[in-house]
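One structure below.
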Ligand code: GLN
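Numbering (the numbering used here), first residue to last: 1 to 284.
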């Protein structure tokens, strides 16, 4: 067991945090120790380098050591600090929403390429709202975000306030409570096969909402439902763009094509893995 530092100096605390997290085999021990210190002591890295021998109040030091212990227990860093970054913006997160991944920025980018002023956009399984809010910050559009989880919608609403954007937030099982037609439908639905869930990192498996992760036996339940129903909710020449698992590209492409979508493309993420599928509802 690691001994807590005797003095609450920034330097001692940071060293303690890093060693504690390393011992607990946290992959990014050094970075996480830094970020938690910045959060608990309300400092920046540059402040640290000028004042590393400064002692911080007992209260902040106690908060820091507690956060380090919780991180060692595999609680994701973003749930401890309550924030995550996506597409250059800060979003509030808690354990009711998935922490935005870099992968999702690919979906946002593809949606932005198809986005025009005045569009009506729907984001299914919105979670923290990071996708829809990022789009609302790009263009004057109207947005609807839906989620099955009331708690997730509460987070999305807070994020919309934080970013001064207006959206309609609807509690809905996919399209069930959705009315009207849209120019663009985006979604990062749950897509992990049920039997893969036990194999995920403890951070994800034990702390992120399974409701946002598990996509049925083959992971593709949501794509089946979305591609079957979305035609009735899209205007002619409207786009459907979804995030997918790395091995789901050809199956999801086929679902798009079977359901009458044209110009279907599978887009890769920065690791070169299939990550997004987009298709257009054919005009008549
Ligand atoms: N990309 C996420 C992960 O690998 C899963 C996101 C999802 O199911 N929509 O943890």
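Ideal placement from N, C-alpha and C gives every residue a C-beta, glycine not left out.
- Collapsing the DSSP output to three states places residue 90 in a strand.
- Each residue's CA atom was taken as its position, placing residue 159 and residue 210 some 22 Å apart.
- With fewer than 16 neighbouring CB atoms inside 10 Å of its own CB, residue 199 falls in the exposed class.
- Here residue 41 has 10, 56, 60, 64 as same chain residues with Cβ atoms under 7 Å from its own Cβ, once five neighbours each way along the sequence are excluded.
- Of the candidates 106, 155, 220, 155 places its Cα closest to the Cα of residue 95.
- Taking one beta carbon from each stretch, the segment 130-148 and the segment 162-176 have 3 or more pairs nearer than 8 Å; the two touch.
- Relative to the ligand GLN, the beta carbon of residue 279 is positioned no closer than 8 Å to any heavy atom.
- Secondary structure note for residue 266: it is in no alpha helix (DSSP H), and the uninterrupted beta strand (DSSP E) holding it is 261-268.
- At a cut-off of 8 Å, the beta-carbon of residue 204 counts as near the ligand GLN: some heavy atom of the ligand is closer than that.
- With contacts defined by Cβ atoms closer than 9 Å, residue 191 and residue 245 form a contacting pair.
- In the pairwise beta carbon analysis, the segment 222-235 is classified as touching the segment 259-269: at least three pairs are separated by under 8 Å.
- For residue 177, the closest C-alpha among the options 162, 147, 205, 138 is that of 147.
- In the three-state reduction of the DSSP assignment, residue 130 falls in the helix class, which pools H, G and I.
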